[in-house]
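Worksheet: the structure to be examined is printed underneath.
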Amino acid sequence: MAARLLFRTAVRAATTCRAAPVPALTRGMAAGGIPTDEEQATGLEKIIMKAMKEGTDPYNMMKPKEYAGSKADPHLVPSITNKRIVGCVCEEDNTAVVWFWLHEGEPQRCPSCGSHYKLVAHELPH
Numbered sequence: 300m301a302a303r304l305l306f307r308t309a310v311r312a313a314t315t316c317r318a319a320p321v322p323a324l325t326r327g328m329a330a331g332g333i334p335t336d337e338e339q340a341t342g343l344e345k346i347i348m349k350a351m352k353e354g355t356d357p358y359n360m361m362k363p364k365e366y367a368g369s370k371a372d373p374h375l376v377p378s379i380t381n382k383r384i385v386g387c388v389c390e391e392d393n394t395a396v397v398w399f400w401l402h403e404g405e406p407q408r409c410p411s412c413g414s415h416y417k418l419v420a421h422e423l424p425h
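Just so you know, we're using the numbering used here here: the sequence shown kicks off at 300 and counts up by one.
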């Protein structure tokens, strides 16, 4: 009997105090699906993605292009100054690195193996 009384009271309260229906919230993804990386990217990430689409490598993240190392096709070394220190591992199985200064101008040879390197100007991306 008490259970029936409580049940009726609960039903009356629910029917009399019912508020207007609340419209369902729409999710941002529902309109156009899941956003792509390009749509979500901001700041530095967006700059990098835009540059990669254009085919440039603003922060030298990609593997450098291989050169023959001859006087006609020297290894290009980017620098923001007129000189840079370069390390050459002359042979694949060599454990020592030969360090030398590379100056702007003509290609220079590694003192140990004779591979040629040339300094090229490099602009900072920002």
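Glycine residues also receive a C-beta, built at the ideal position from the N, C-alpha and C atoms.
Proximity of residue i and residue j at Cβ, strictly below 8 Å
i    : j    : result
H374 : H415 : yes
G470 : V396 : Examination of residue 470 is not possible in this model, given that the chain is present from 300 through 425 alone.
A367 : P357 : no
F399 : C409 : yes
M348 : E338 : no
CA nearest to the CA of residue i, picked from the options
i    : options                   : result
S378 : D336, A350, L304 and V419 : V419
D372 : R303, P406 and K362       : P406
H421 : N359, T308 and F306       : N359
N393 : A309, G354 and C412       : C412
P363 : K352, V376 and S369       : V376
Backbone CA spacing between residue i and residue j [nearest angstrom]
i    : j    : result
A301 : P334 : 55 Å
I346 : T380 : 24 Å
R303 : T315 : 18 Å
K417 : E353 : 26 Å
Any non-hydrogen atom of the ligand FMN closer than 7 Å to residue i Cβ
i    : result
R303 : The ligand FMN is not among the ligands present in this structure, which contains no ligands whatsoever.
### Query
Curious, which full-length alpha helix (DSSP H) runs of at least 4 residues does the segment 337 to 377 contain?
Entirely contained in the segment 337 to 377, the alpha helix (DSSP H) runs reaching 4 residues are, in chain order, 342 to 353.
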